[in-house]
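First the structure, in the form of structure tokens, and then the observations on it.
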Amino acid sequence: MSIYKVSRGPEAFLPPAAATMGVELPDEGGALIEGRIVTEAEALEHAAKILLEAKVPTIFPGPLVLWNWRDGVEKKAKAIRNLFETLKQVAKPGQKPMLIPMADYRPKYPKINPEVEINPNHPNLTIWHNKIDACMFVGVHCHFANLSLKIIRGETDCYTIAMCAQHGHEDAMMTFRDASAEKIDQLSAKIKELAGK
Numbered sequence: 682m683s684i685y686k687v688s689r690g691p692e693a694f695l696p697p698a699a700a701t702m703g704v705e706l707p708d709e710g711g712a713l714i715e716g717r718i719v720t721e722a723e724a725l726e727h728a729a730k731i732l733l734e735a736k737v738p739t740i741f742p743g744p745l746v747l748w749n750w751r752d753g754v755e756k757k758a759k760a761i762r763n764l765f766e767t768l769k770q771v772a773k774p775g776q777k778p779m780l781i782p783m784a785d786y787r788p789k790y791p792k793i794n795p796e797v798e799i800n801p802n803h804p805n806l807t808i809w810h811n812k813i814d815a816c817m818f819v820g821v822h823c824h825f826a827n828l829s830l831k832i833i834r835g836e837t838d839c840y841t842i843a844m845c846a847q848h849g850h851e852d853a854m855m856t857f858r859d860a861s862a863e864k865i866d867q868l869s870a871k872i873k874e875l876a877g878k
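To convert, take the position in the sequence shown, counting from 1, and add 681; that gives the working numbering.
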């Protein structure tokens with residue numbers, strides 16, 4: 682039996698959930714690259730290369746890091762901002778790093794305003810409109826991240842990286858687990874190292 686590879690799409694109108702195809706999340710200290718369990722060090726290098734080579738490397742911070750709702754969030758938000766500043770600092774001509782905060786995607790009952798709510802519910806539209814070829818989710822609720830990552834994989838060729846505070850996301854092309862401010866800072870440092878800065 683061949684191993685299912687979680688790779689750039691567009692894969693299908695409705696791609697299979699990677700977990701149903703046998704992709705398993707890594708144990709502590711591990712990460713996933715395209716469905717393979719690897720060491721965190723290997724994943725940091727891979728993520729740094731992807732972000733350095735992308736034309737429009739984009740960070741999508743979600744509500745879990747946009748609101749200072751518990752201890753450690755402010756530190757993580759500063760690390761994300763530092764990562765974005767690092768990407769801008771090492772950008773080559775023609776590269777356009779972006780930071781696009783996700784809107785509050787919780788349903789607003791009894792009325793939903795589609796002009797406000799459309800982007801987080803249709804991440805493929807944001808990716809197409811901005812010509813994003815590599816992105817990183819961080820601070821996004823797991824249930825929303827899983828759905829969005831499948832939509833992105835199914836309908837775009839964007840390379841997805843998920844920095845998850847819990848166990849990771851099988852449907853990302855690569856994922857880190859137990860994401861902390863320190864781990865985000867390690868990614869910034871690896872990007873600077875590979876860029877020779």
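For glycine and all other residues, C-beta sits at the position ideal for the given N, C-alpha and C.
**OP:** Please report the residue range of the alpha helix (DSSP H) in which G835 lies.
**Re:** Taking the first residue of the sequence shown as 1, we reach residue 835 at position 154. The continuous alpha helix (DSSP H) containing G835 extends over residues 823-836.
Subject >> Neighbour-count burial assignment, N827, 16 or more Cβ in a 10 Å radius >> reply: Counting from 1 along the sequence shown, the entry for residue 827 is found at position 146. Buried, since its Cβ has 16 or more Cβ neighbours within 10 Å.
Original post:
Does DSSP put P707 in a helix, in a strand, or in coil?
Top reply: By one-based count along the sequence shown, residue 707 stands at place 26. Coil at P707, not helix or strand.
Subject >> Neighbourhood of E705 by C-beta, 8 Å cutoff - its chain only, sequence neighbours within 5 removed >> reply: Working through the sequence shown from its first residue, we reach residue 705 at position 24. Within its own chain, the residues whose Cβ lies closer than 8 Å to the Cβ of E705, once the five positions on either side in sequence are excluded, are I718, E851, listed in chain order.
Original post:
CB of M702 to nearest heavy atom of the ligand ATP: below 6 Å?
Top reply: With respect to small molecules bound, the structure shown includes none, and the ligand ATP cannot be examined in it.
Original post:
Where in the stretch 695-746 do unbroken runs of the alpha helix (DSSP H), each at least 4 residues long, occur, reported from the N-terminal end onward?
Top reply: Every unbroken stretch of the alpha helix (DSSP H) spanning 4 or more residues and falling wholly within the stretch 695-746 is given here in chain order: 721-734.
Original post:
Within 10 angstroms of its Cβ, does W750 collect 16 or more other Cβ (buried), or is it exposed?
Top reply: For the purposes of this step, residue 750 is taken as residue 69 along the sequence shown, with counting starting at 1. By the neighbour-count rule (16 or more Cβ atoms within 10 Å), W750 is not buried but exposed.
**OP:** Grab me the residues of W662's own chain with a C-beta within less than 6 Å of its C-beta, minus the 5 sequence neighbours each way, in chain order.
**Re:** With the chain running from 682 to 878 in the structure shown, residue 662 is simply not present.
**OP:** May I ask you to verify whether the stretch 765-780 touches the stretch 834-848, counting CB pairs closer than 8 Å and requiring at least 3?
**Re:** Taking a cut-off of 8 Å on C-beta distances, the stretch 765-780 does not touch the stretch 834-848, as fewer than three cross pairs fall below it.
Subject >> Between the CA atoms of A712 and G849 - distance to the nearest angstrom >> reply: For this step, residue 849 is matched to residue 168 along the sequence shown. For this step, residue 712 is matched to residue 31 along the sequence shown. G849 and A712 have their C-alpha atoms spaced approximately 8 Å apart.
**OP:** Decide if S869 is buried, meaning its Cβ has at least 16 other Cβ atoms within 10 Å, or exposed.
**Re:** As a first step, residue 869 is located in the sequence shown; it is residue number 188 there, counting from the start. Buried.
**OP:** Could you check the C-alpha separation between F825 and M854 for me, to the nearest Å?
**Re:** Along the sequence shown, one-based indexing puts residue 825 at 144. Along the sequence shown, one-based indexing puts residue 854 at 173. Those two C-alpha atoms are separated by around 16 Å.
Original post:
Nearest-angstrom Cα distance between A758 and G820?
Top reply: Along the sequence shown, read from residue 1 onward, the residue named residue 758 stands at position 77. Along the sequence shown, read from residue 1 onward, the residue named residue 820 stands at position 139. Whole-angstrom Cα-Cα distance: 9 Å.
Original post:
Secondary structure at A860, three-state DSSP: helix, strand or coil?
Top reply: For the purposes of this step, residue 860 is taken as the residue at position 179 of the sequence shown. Coil.
**OP:** Measure the alpha-carbon distance for I781 versus A815 and round it to whole angstroms.
**Re:** Translated into positions along the sequence shown, residue 781 becomes position 100. Translated into positions along the sequence shown, residue 815 becomes position 134. As the crow flies, the alpha-carbon of I781 is around 13 Å from that of A815.
Subject >> Rounded Cβ spacing between G743 and F857 (contact assumed at less than 8 Å) >> reply: Against the sequence shown, residue 743 aligns to sequence position 62. Against the sequence shown, residue 857 aligns to sequence position 176. About 15 Å separates the beta carbons of G743 and F857, which is beyond the 8 Å limit, so they are not a contact pair.
Original post:
With burial defined as no fewer than 16 other Cβ atoms inside 10 Å of the residue's Cβ, what is the status of T841: buried or exposed?
Top reply: Stepping through the sequence shown from its first residue, residue 841 is reached at position 160. Only buried fits T841, as 16 or more other CB atoms lie within 10 angstroms of its CB.
Original post:
How would you label T720, buried or exposed, when you count the other beta carbons within 10 angstroms and need 16 or more for buried?
Top reply: Reading the sequence shown from its first residue, position 39 is the one you call residue 720. Under this definition T720 is an exposed residue.
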